[in-house]
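Protein chains in written order, with the numbering used here: chain E, 2 to 114; chain Y, 2 to 114; chain L, 2 to 114; chain V, -3 to 449; chain A, -3 to 449; chain X, -3 to 449. From the three backbone atoms N, C-alpha and C, an ideal C-beta is built for every residue, glycine too. Working notes for the structure below.
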Amino acid sequence: MKLVIAYIQPHKLKDVKQTLYKAEVHKMSVTNALGCGEQAGYEESYRGIKFEVNLLKKVRLEIAVNDNFLDGTIEAIIEGAKTGNIGDGKIFILDLPECIRIRTGEKGSKAIG
Amino acid sequence: MKLVIAYIQPHKLKDVKQTLYKAEVHKMSVTNALGCGEQAGYEESYRGIKFEVNLLKKVRLEIAVNDNFLDGTIEAIIEGAKTGNIGDGKIFILDLPECIRIRTGEKGSKAIG
Amino acid sequence: MKLVIAYIQPHKLKDVKQTLYKAEVHKMSVTNALGCGEQAGYEESYRGIKFEVNLLKKVRLEIAVNDNFLDGTIEAIIEGAKTGNIGDGKIFILDLPECIRIRTGEKGSKAIG
Amino acid sequence: MVLRKNNKTWLKFVLVFTALMLCSNIAFAASESIDIETLKQGLDTVWVLIAAFLVFFMQAGFGMVEAGFIRAKNTCNILTKNFLDFCMASLAFFLVGYALMFGDGNAFCGTSGWALAGLSDKTISGIPVFAFWLFQAAFCGAAATIVAGGMAERMKFVGYLIYSFLISALIYPIIGHWIWGGGWLSDMGFFDFAGSTVVHTTGGIAALIGTIILRPREGKYAPDGKPNAIPAHNIPLASLGVFILWFGWFGFNPGSTLGVNNGGFDIGRVAINTNLAAALGGIFAMLTVWKKYGKPDLSMAMNGALAGLVAITAPCAAVEPWAAIVIGAIAGIVVVLGVEFLDKMQIDDPVGAVPVHGMCGIWGTIAVGIFGKKALGLANDGFIYGGNPMQIGIQIVGSVATIAFVLVSMGIVFKLIDITIGLRVSRDEELRGLDIGEHGMEAYGGFQIFSTS
Amino acid sequence: MVLRKNNKTWLKFVLVFTALMLCSNIAFAASESIDIETLKQGLDTVWVLIAAFLVFFMQAGFGMVEAGFIRAKNTCNILTKNFLDFCMASLAFFLVGYALMFGDGNAFCGTSGWALAGLSDKTISGIPVFAFWLFQAAFCGAAATIVAGGMAERMKFVGYLIYSFLISALIYPIIGHWIWGGGWLSDMGFFDFAGSTVVHTTGGIAALIGTIILRPREGKYAPDGKPNAIPAHNIPLASLGVFILWFGWFGFNPGSTLGVNNGGFDIGRVAINTNLAAALGGIFAMLTVWKKYGKPDLSMAMNGALAGLVAITAPCAAVEPWAAIVIGAIAGIVVVLGVEFLDKMQIDDPVGAVPVHGMCGIWGTIAVGIFGKKALGLANDGFIYGGNPMQIGIQIVGSVATIAFVLVSMGIVFKLIDITIGLRVSRDEELRGLDIGEHGMEAYGGFQIFSTS
Amino acid sequence: MVLRKNNKTWLKFVLVFTALMLCSNIAFAASESIDIETLKQGLDTVWVLIAAFLVFFMQAGFGMVEAGFIRAKNTCNILTKNFLDFCMASLAFFLVGYALMFGDGNAFCGTSGWALAGLSDKTISGIPVFAFWLFQAAFCGAAATIVAGGMAERMKFVGYLIYSFLISALIYPIIGHWIWGGGWLSDMGFFDFAGSTVVHTTGGIAALIGTIILRPREGKYAPDGKPNAIPAHNIPLASLGVFILWFGWFGFNPGSTLGVNNGGFDIGRVAINTNLAAALGGIFAMLTVWKKYGKPDLSMAMNGALAGLVAITAPCAAVEPWAAIVIGAIAGIVVVLGVEFLDKMQIDDPVGAVPVHGMCGIWGTIAVGIFGKKALGLANDGFIYGGNPMQIGIQIVGSVATIAFVLVSMGIVFKLIDITIGLRVSRDEELRGLDIGEHGMEAYGGFQIFSTS
Ligand SMILES: Nc1ncnc2c1ncn2[C@@H]1O[C@H](COP(=O)(O)OP(=O)(O)O)[C@@H](O)[C@H]1O
Ligand SMILES: Nc1ncnc2c1ncn2[C@@H]1O[C@H](COP(=O)(O)OP(=O)(O)O)[C@@H](O)[C@H]1O
Ligand SMILES: Nc1ncnc2c1ncn2[C@@H]1O[C@H](COP(=O)(O)OP(=O)(O)O)[C@@H](O)[C@H]1O
């Protein structure tokens, strides 16, 4: 099993959810994040003081998948999130040794989906 | 060492904290998350437009534990979070090769607790 | 590749960002978190009821780095975040088997930075 | 300068009259009286209407205080209740309430003037009925909305709509008739200048019986009875609400003079007393909570100011400023002890509606009997002026009668709603928040909010 | 007691006059008239100014409603627009607008009184020009700001500044002249007591043409035309805004009497009608949305109250309270259907400016012809009193003329802005939010907010 | 129609008098004078009280602006300060302040009327003392609360309570006595119609000395002196606050006529000038910040409107509208440069209290000497009318005297507080936020808020 972590542009969340559904990935967790990457920040100014904002708003997806779903999941995220512009985001993949469904106590592969 | 990630119902946080304390797990990190799982979403309607909300409010726990604490931690989470209903949540367990306490620079097992 | 997760005091974020820049680590993701650690909580009281707050505000950093950057990153975090007081925070290090840049599809080490 | 019509009329009159004078030597100096009379009435009407606008604006204050003091997940719900209860009150008080309250009738209730039909154009105090109605309707709305806060975070919306129609159409007007509409309490010499009893005791006691029937919020009391804190989600909103209420109270109390008589002396007295009681309520609630719990809790200080305002509402026209200071200060203490007492009794009143409006409404009503002055319009001098307990007695009778009537009538209303359509939402809905369950929307779209409590 | 100067003058007068009397036996009873006249004017001025303050305060209401109903990321932008359009309106209406609207001129516009120069001290209604100006300037600001909501979340700030100067300097005043400044519509017997047409139809139709030219927000309509919900980010703010607007409307409508005549009877009527229409608008919008979509949506109920207020604005002085109830209730239904209709037409109006101000402004204008009474100042009795369609006809002419003029003139203004400096921000700026792009700041520093929609 | 008591009195009088007339042929036409006199007084009182309510409401405006402009973690603290300073001011100004300010005494301060005891019922301007007190107490509260903003996010709560009692009881009233209470400055011909000096310079300079003594917030200035931005946490709240302040200023300035004389002409002038100066202040601050920093910063535009309001407060009754435009526009520029200047001096004033109230208070005071007109009540014509610098000189004397007195007296007060109980919270408490440290509660329970700055 793998744990996929993806950072995407916030307004792309809707698209990514749709491509994931098409890839039959229905479970995921979403959090708000601020990200610093290749994408240039922007300048704000408040009461006469300018300052660089380089922590940009991102959305963080966390998706646990069985190994056979991994490629589909990655492709779906890329399909939904990619525009070709800097700031599109990044995907990290971790090994996931164990997964447990709280309600039933089921473990492993069958607990994921 | 392991890193335990658990998604639970927000209103169960208090209970889970209590069962964790009983299992002598006192350290944890909590974030807000939105989750999409087996639990059905609900419909909202705004100004005459209905829409499905399927990202439900969840709480994400992140707990680093030494291996001998792992089982106790998992049991405690399940005890605190389980109601038997869909939406109770899920636990993911990752390997945690290293852990450092910033204040002292201590590493490994003794830095965790 | 490694995934570094660090919990630090919120007001130390600025310093840590600076020390990371000095260590040539420019990419990171930041989220808000509540943490329960060695640091004592504090008491709030609302309308005549006192209650202990032991989930303190923390900032969570997530930084994916190539192995040769790992030590520099950790040192930078410690340099920026350490005050010697309880509550300074903790660093967790996970293995990161894969990393993908959404924009280009690049994978592995060259996708990280 | 352009002459307006009525002036022209008057001009004609003067000419005719001057001619008459030349003949008869009778100086009919009253010639202008009609004009002054009308002008006076105009000023009275403007005054009462502006006061009515301010009292209306209190609705916003109630909404912001109630919303600010509860959790984010129930915010739309309380705001919808607060918004619609004023709408319902407007309708109910137009169709039925005004007639029951101010129509000619018996000692118990009025029986004429349904939908304002068949009333004379002016009220007894001399202002147009339409203007007077607006002032009174705003009062009625205030009484209705007090309950929303006490029963917040768990009461069904439909039930609330029904409740709010009934209290505005029937219960509030009947009590109002007793005290302000020529009913039995006013005959007795009961004095409630601007509504410590009529509005606040009514609303506060209705909230009390309602919240008892409804039972506490999920998680408010631990199995061993220890109360848990359920912190406010938006203190700035609540703070704004308190200022709006205080501001509106300058319409509530001073406006209850129903006119500008005596060169504004009465209004001035009411206004200064209102302000001093509020200020002292705030200070003493803060000091009390600081002493008892170690920190100056803003939510309590704000409740204290409201408590002072509620308490001074009955006596404001009949006491000296120093007495307003005392009345407000005591109200500030009462409200803190009241919140504590309710928690001990496991009566869950999220915003403090019962201590503020109920308890301090009673306190203010009785304070009339202690600090009031005959020279300022009371039937008897208050207790401290010569030790006559007569007025205290009368005030207690009025307060007790109101409490009893509200407990019984509202108890029946809430029980009936409970039995028929249900008073309380399901546990699941309560946990997720009434905004989603009852209204299918959220108050703060996009904001990340912990809904862990 | 200290005697004020004018009283002393009067005293002298009385002494002289009494002496005269003793000689000639001529009682010159008019001696005091000047005093009463001045007092009356003082009361009128105070009334109109207080009303002006209330109408000014509506600006805050508009700001909070508009800000509350959109997404957090565009909040600074709408608030800046709302804030500066009032500033611009103050300047433009001082320099140019007032002269066009109330200056002597022809049937189309006024042509004198630029920067208030060369006007007589008092207006026709007898109050000082400076006071009258403030009242009218606040109205002008209201008309201007309506548009901000309809074009929210995508319109450039510079373009908005230019627009707001032009509507306040030229377009609003010209329509105002037709109806209130002695222009061709007022000559026809067109009746718009407080501005359903002058203010609200103007603002609403300007918002309509603006939002059509601007096209919908990114993501509002799916490629297949299905609308997506873009939920409000701060319902308490919007709710507060609605209360402020309702409160301010008590200046808007009752203040349009421009004085305290007839002992305040007119004002009382206007006030009760205003309140009843608002309440019924709220109730019926809620019922309609509840029936159609299954939930009582607060945002719609609030729009409903505003709809009722807009609709009663024209007829408020000329109808009975029961008619106000009917007019408000219908407005509540109209606004819900209107929102639905616009979504069907893919016209993206984030806050409902067009249904509320445009559609219900028209409805209110026509309602005059249906429910108005000749005895209350109308040229003809309304349709239901004897079936005479005359007044309806006149009202339709006025409404259509206004709509046509606004569509054409504002269409040109927006198109010109579009061609020259651009009306709409870039897609990227829209996605990130106008607060950052246009103002380089955020509305809620530190708050974690999802900007996923 | 029911006759009210005073009318009956009058009726009797008329009958007697008519009888007299028939005998003696002496028309005593003054018979009605008392009535008009009383009515006039009633109108004056109502006007001043409504103005007082509006000025009171400014307290909410100050609270929202100050809270909105700082960080979320210190919100409860500033709101508690803002709330309690008005409560303290009410008490202090009742017990001591009013006597010092308006009691009979010497050129430096009043020495009679403690707790309003022993005063005649009416003030010199003819309205009841109680009403006049409320108006003045609201002013006193405004002066006190200005300081909260300048010293925000680091000043201890206990110290603030003490400060607010002292300024309301002693310092503000003494300056008030000099200028409004018959003291030495008013004897000199110093003109401050509604308080640019009395209220705003006092508050602004107190904030200046306070914030200097307190030193900047943790992290505000980098070691090299470069200022860091500490962005506002709730711009909608601040925006609402500005509107409330502007609204309340219509009580502040026009209400300072203390009566409705001259048919309302004076009030009208004050009102239009107030509005124009605010609008132009907003526009010019926006333009200035736009030009200097590239973006139209709403927080500065809002400060600009307040700056315009502060500046017009002294001259509003004595200048023409065009001058109000100039005064407001300059204030808008001054405030932006002032904010910049303070940052250069490393004086950390989180909300701009010093530039807005201090600098523009001074500017407005001097503007009287430039643009004022003798015909409108000034001792001398302003500089532009004939080049006489006399009034400018007098204005400068008054401004400098006030500044000096405040610097010294408030400097002592703050230093004493600092030495005894401490003026500033600990660094840890500041980092975590004063809400938790001082009040043990949070402003936005449940919301996820970054507290990284
Ligand atoms: N090495 C990293 N560690 C942690 N987060 C990262 C890393 N690189 C990128 N991110 C996250 O991904 C987001 C997008 O990165 P960005 O550099 O803009 O993408 P790209 O270079 O592919 O266009 C960043 O804002 C950040 O949140
Ligand atoms: N495969 C997954 N990947 C990431 N998060 C998941 C996954 N499955 C479940 N979750 C998280 O756990 C929460 C609870 O899941 P749910 O399906 O409701 O639990 P259950 O099926 O055990 O009743 C979800 O809302 C989501 O946040
Ligand atoms: N075992 C753990 N699991 C998860 N998070 C932890 C753990 N230990 C510490 N943390 C996080 O780190 C933060 C700082 O911990 P703390 O105990 O205060 O540090 P220290 O002991 O080094 O002074 C905590 O608030 C929590 O968010």
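Where residue i sits in the DSSP three-state scheme
i	result
residue 250 (chain A)	helix
residue 93 (chain E)	strand
residue 378 (chain V)	coil
residue 103 (chain L)	coil
residue 326 (chain X)	helix
residue 316 (chain V)	coil
Min CB distance residue i to chain L below 9 Å
i	result
residue 12 (chain Y)	no
residue 227 (chain V)	yes
residue 56 (chain Y)	no
residue 339 (chain V)	yes
Test: residue i CB closer than 9 Å to a CB of chain E
i	result
residue 444 (chain A)	yes
residue 28 (chain A)	Because residue 28 (chain A) carries a pLDDT of 41, less than 50, the predicted location of this residue cannot be relied on, and no value is offered for it.
residue 90 (chain L)	no
Beta-carbon contacts of residue i that lie in its chain and below 6 Å, excluding the five residues immediately before and after
i	result
residue 345 (chain A)	146, 207 and 338
residue 277 (chain X)	300, 301, 303, 304, 324, 327 and 328
residue 196 (chain V)	306, 353 and 357
Per DSSP, cross-strand counterpart(s) of residue i
i	result
residue 46 (chain E)	E:51
residue 271 (chain V)	In the DSSP output, where bridge partners are listed per residue, residue 271 (chain V) has none listed.
residue 37 (chain E)	L:29
residue 61 (chain Y)	Y:8 and Y:32
residue 66 (chain L)	L:3
9 Å Cβ cutoff, residue i in contact with chain Y
i	result
residue 291 (chain A)	yes
residue 395 (chain A)	no
residue 304 (chain A)	no
residue 221 (chain V)	no
Beta-carbon proximity list for residue i, same chain, < 7 Å, skipping 5 on both sides
i	result
residue 112 (chain E)	100, 101 and 102
residue 124 (chain X)	41, 117 and 118
Residues of its chain near residue i, where Cβ-Cβ distance is below 8 Å and the 5 sequence neighbours each way are ignored
i	result
residue 407 (chain X)	205 and 209
residue 97 (chain Y)	2, 3, 4 and 65
residue 183 (chain A)	103
Cutoff 9 Å: residue i Cβ touching any chain X Cβ
i	result
residue 135 (chain V)	no
residue 282 (chain V)	yes
Within chain C, partners of residue i - CB distance below 9 Å
i	result
residue 231 (chain A)	Protein chains in the displayed structure are E, Y, L, V, A and X, and chain C is not among them.
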